[in-house]
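Beneath this line is the structure, given in structure tokens, with notes to follow.
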Amino acid sequence: MATIQRKRLMPKSAFLVKKYRRGIRISFTALCILLTLLFIMHAPSSTTKDATTLNTGTDIASTSAISDPSNKEYLMPFTDKAQKVVHPKDDGIKENAVMVTLARNSDLWSLVHSIRHVEDRFNHKYHYDWVFLNDDEFTDEFKRVTSNLVSGEAKYGKIPKEQFSTPPSIDKDKLSTTLKTMRDNGVIYGDSVPYRHMCRYQAGLFYRHPLLQQYNWYWRVDTDITIFCDIQYDLFKFLRVNDKKYGFILSVSEYEATIPTLWSTTRKFMKEYPHLVHKNNLMKYISDDNGETYNLCHFWSNFEIGSLDFWRSEAYDKYFEYLDQSGGFYYERWGDAPVHSIAAALFLDRSQIHFFDGLGFHHPDFLSCPVEEDIRIQNHCTCNPNRDNTWGASYFCTRKFFLTQNYPLPPGV
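What the sequence shown shows, in the numbering used here, is residues 6 to 418, in sequence order.
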């Protein structure tokens, strides 16, 4: 038999109390709705820009919001204060920038380590594209693995054969003699022709690849790198806002045996094109005698971030072509790092070159770790500061860079 639920009559006084409470609940709900509407109407737009960050980039998709929309202030490393830079707030707008990696298919499993570090420490917040370049066709495995790791769009390009082979102008007998001499003298990569192809390509050809033409900024990511610290701001936005064209972390001395005539060739170029040398250059960083000789200091290009437009400039284009025609990339073993460094020091305003601290970086066999403990804690760094090479041995040049720029050294250095 079905159970009949009888409705219990409520006393009149209880009924009035219940009706009164219900009225309060309705009024409170209406008040909450009104306050929410007022907040939405008067809240700042998510695309509001910081006064110091006028933007020329493209909108980030709504599904890829910045992980820190509160734009809270972060501690700045002492070195950033010394360089008088500002850390722009994230405004939800991407810069026209890209990660660039030159790799072979055999580099895949050492490269995934680098990609994972860059994505976890930085790019998962911004989703910048990644361009992979190879002198051969990338395998399906390489594309499948790397495209799954990057948060932006992965693009794969093949380098034209003429850009990754010995130029017709190179005397093969002379090159053969050079290779034997360097091998006998134990010069690192001295007998390697493929290494020469790579150095020449990185020095003056990579930015000419069609896949890179749409971008203004790049971060070169090599295999076997480690990023030890969370990067709390958009590095590309930082470069643009502070008018920086070239950024580095480690600065060391080049192997003199690999570049015996690089400086004399550079001096000839400066004599022929004096108008291309910036008046406020950084000559004192690369020369201890006002340009008579090269002191071998250069920015280690295993971490290199900067302006693609600088490499496309008249000054650098003419400089690279001048060096290339001399044959020094093959008859000697000129590296892309000293070539880029000399160019940045000569053709840029000295204020446009930036030392990045607070990131924590390693590429065998050198390591950078922030000096300040509060910076390491804030950025969740996992590096041991006692292993830092930045300020130590005489063959490191970061101290020279700071002294040349008239920056005070970090406390304790």
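By construction, the Cβ of each residue, glycine as well, lies at the ideal position given by its N, Cα and C atoms.
Since we're looking at a predicted model, the values are computed, not measured.
### Message
Determine whether the beta carbon atoms of R188 and D178 lie at a separation below 8 Å.
### Response
On the sequence shown, position 183 is the one that residue 188 refers to. On the sequence shown, position 173 is the one that residue 178 refers to. R188 is not a Cβ neighbour of D178, given a cutoff of 8 Å.
### Message
Counting C-beta neighbours from all protein chains within 10 Å, is the total for D125 16 or more, i.e. buried, or is it exposed?
### Response
The residue given as residue 125 occupies position 120 in the sequence shown. It is exposed - the Cβ of D125 has fewer than 16 other Cβ atoms within 10 Å.
### Task
State the Cα-Cα distance for the pair K242 and L328, rounded to the nearest angstrom.
Along the sequence shown, one-based indexing puts residue 242 at 237. Along the sequence shown, one-based indexing puts residue 328 at 323. Each residue's Cα considered, the two are about 32 Å apart.
#### Entry: Selected residue, minimal CA-CA separation from P369, among N307, K405 and T270
For the purposes of this step, residue 369 is taken as the residue at position 364 of the sequence shown. Considering only alpha carbons, the answer is N307.
### Query
What are the uninterrupted segments assigned as beta strand (DSSP E) that are 3 or more residues long and contained completely in the segment 97 to 143, given in chain order?
102 to 107 and 134 to 139
### Query
In whole angstroms, what is the alpha-carbon distance linking E420 and K99?
Residue 420 lies beyond the residue range present for the chain, which begins at 6 and ends at 418; the question has no answer from this structure.
#### Entry: Cutoff 8 Å; reference W222; Cβ partners in own chain excluding five residues on either side
Indexing the sequence shown from 1 puts residue 222 at position 217. Excluding residues within five positions, the ones whose Cβ falls inside 8 Å are E100, N101, A102, V103, F241, L244, R245, I310, G311, S312 and L313.
#### Entry: For V344, the nearest candidate out of Y220, Q410, F401 and P265 (CA to CA)
Looking up residue 344 in the sequence shown gives position 339. Selected option, being the one with the closest Cα: P265.
### Message
Taking only three categories from DSSP, how would you classify F304?
### Response
Stepping through the sequence shown from its first residue, residue 304 is reached at position 299. It is a strand residue.
### Query
Taking R338 as the reference, which of S181, P390, D96 and D134 has the closest Cα?
Indexing the sequence shown from 1 puts residue 338 at position 333. Looking at the Cα atoms, S181 is the closest of the given residues.
### Query
Between V136 and L210, which are expected to be in contact by the criterion C-beta below 8 Å, what is the C-beta distance as a whole number of angstroms?
As a position in the sequence shown, residue 136 is number 131, starting the count at 1. As a position in the sequence shown, residue 210 is number 205, starting the count at 1. Not quite, the Cβ-Cβ distance comes to about 14 Å (not below 8 Å), so this is no contact.
### Query
Does DSSP put K179 in a helix, a strand or coil?
The residue given as residue 179 occupies position 174 in the sequence shown. K179 carries a helical assignment under DSSP once its states are collapsed to helix, strand and coil.
### Task
Using the Cα positions of F233 and P82, report the straight-line distance between them to the nearest angstrom.
The count along the sequence shown starts at 1 and reaches residue 233 at position 228. The count along the sequence shown starts at 1 and reaches residue 82 at position 77. Approximately 15 Å between the Cα atoms of the pair.
### Message
Under DSSP, the beta strand (DSSP E) around S373 begins and ends at which residues?
### Response
Position 368 of the sequence shown, counted from the first residue, corresponds to residue 373. Residues F371 to S373.
### Task
Ignore the nearest five residues each way along the sequence and tell me which others in D227's own chain have a CB closer than 6 Å to its CB.
Here residue 227 refers to the residue found at position 222 of the sequence shown. Cβ within range, chain order: N307.
### Task
Go to F253, then tell me how far its beta strand (DSSP E) extends in each direction, as first and last residue.
For the purposes of this step, residue 253 is identified with residue 248 of the sequence shown, where counting begins at 1. F253 -> beta strand (DSSP E) spans Y251 to F253.
### According to DSSP, residues forming a beta bridge with Y223
Here residue 223 refers to the residue found at position 218 of the sequence shown. In the DSSP output, where bridge partners are listed per residue, Y223 has V103 and G311.
### Under the three-state DSSP convention, the category F241 falls into
Counting from 1 along the sequence shown, the entry for residue 241 is found at position 236. Looking at F241 - three-state DSSP - the assignment turns out to be helix.
### Residue from N153, E142, R149 and F169 whose Cα sits closest to the Cα of G162
Residue numbering aside, residue 162 sits at position 157 when the sequence shown is read from its first letter. It is E142 whose Cα lies nearest to the Cα of G162.
#### Entry: Unbroken beta strand (DSSP E) run spanning I347, endpoints
Residue mapping note: residue 347 aligns to position 342 of the sequence shown, counting from 1. Careful: I347 lies outside any beta strand (DSSP E), inside the alpha helix (DSSP H) at D341 to F352.
### Message
Let's see if you can read the secondary structure: which residues bound the alpha helix (DSSP H) around I358?
### Response
To locate residue 358, count along the sequence shown from 1; it is residue 353. No alpha helix (DSSP H) contains I358, which is instead part of the beta strand (DSSP E) from I358 to F360.
### Query
Taking the alpha helix (DSSP H) that F83 falls in, what are its first and last residues?
Residue numbering aside, residue 83 sits at position 78 when the sequence shown is read from its first letter. First-last of the alpha helix (DSSP H) with F83: F83 to A87.
### Query
Should T206 and W316 be called a contact, given that it needs their Cβ atoms to be closer than 8 Å?
Stepping through the sequence shown from its first residue, residue 206 is reached at position 201. Stepping through the sequence shown from its first residue, residue 316 is reached at position 311. Note on identity: in this sequence residue 206 is Tyr, with Thr being the wrong assignment. Not in contact: Y206 and W316 (Cβ atoms no closer than 8 Å).
### F325 - DSSP class collapsed to helix/strand/coil
Walking along the sequence shown from the start, residue 325 turns up at place 320. It is helical.
### Task
Report back the beta-carbon spacing between S373 and D393 to the nearest angstrom; my notes put them in contact at under 8 Å.
Taking the sequence shown and counting its residues from 1, the one referred to as residue 373 is at position 368. Taking the sequence shown and counting its residues from 1, the one referred to as residue 393 is at position 388. With a Cβ gap of about 6 Å, S373 and D393 count as contacting.
#### Entry: Cβ-Cβ distance between V90 and I120 below 8 Å
Translated into the one-based positions of the sequence shown, residue 90 becomes position 85. Translated into the one-based positions of the sequence shown, residue 120 becomes position 115. Taking 8 Å as the Cβ cut-off, V90 and I120 do not qualify as a contacting pair.
### Message
So, under 8 Å CB-CB, P415 and T171 are touching, yes? Tell me the CB distance rounded to an integer number of Å.
### Response
Taking the first residue of the sequence shown as 1, we reach residue 415 at position 410. Taking the first residue of the sequence shown as 1, we reach residue 171 at position 166. The pair is not a contact, with the Cβ atoms about 45 Å apart (cut-off 8 Å).
### Query
From R272 to Y278, what distance separates their C-alpha atoms?
Taking the first residue of the sequence shown as 1, we reach residue 272 at position 267. Taking the first residue of the sequence shown as 1, we reach residue 278 at position 273. Rounded to whole angstroms, R272 to Y278 spans 10 Å at the Cα level.
### Query
For the segment 149 to 211, which segments carrying the beta strand (DSSP E) assignment without a break, of at least 3 residues, lie completely within its bounds, in sequence order?
Within the segment 149 to 211, the complete beta strand (DSSP E) runs of at least 3 residues fall at 159 to 163.
#### Entry: Same chain only: Cβ atoms within 8 Å of T270, ignoring 5 sequence neighbours per side
By 1-based counting over the sequence shown, the position of residue 270 is 265. So the list reads Y327, L328, S331 and G333, once near-sequence residues are dropped.
#### Entry: Cβ-based neighbour list, H367, same chain, cut-off 8 Å, excluding 5 preceding and 5 following
For the purposes of this step, residue 367 is taken as residue 362 along the sequence shown, with counting starting at 1. Result list for H367: I230, T231, F233, S373 and C388, in chain order.
### Query
So S256 is in the beta strand (DSSP E); what residue range does that whole segment cover?
Position 251 of the sequence shown, counting from 1, holds the residue named residue 256. From DSSP, the beta strand (DSSP E) with S256 extends over S256 to S258.
### Message
Alpha carbons only, please: which of L113, P413, K130 and D354 is nearest the one belonging to K284?
### Response
Residue numbering aside, residue 284 sits at position 279 when the sequence shown is read from its first letter. Of the listed residues, the one whose Cα sits closest to K284 is D354.
### DSSP state of F147 mapped onto helix, strand, coil
Locating residue 147 in the sequence shown gives position 142, counting from the first residue. Note: F147 maps to helix in three-state DSSP.
### Query
Secondary structure at S51, three-state DSSP: helix, strand or coil?
Indexing the sequence shown from 1 puts residue 51 at position 46. Low per-residue confidence applies at S51: pLDDT is 35, beneath 50, and the placement is therefore not dependable enough to give any value.
### Query
Which one or two residues does DSSP pair with H367 in a beta bridge?
Working through the sequence shown from its first residue, we reach residue 367 at position 362. DSSP output for H367 lists T231 and L372 as bridge partner(s).
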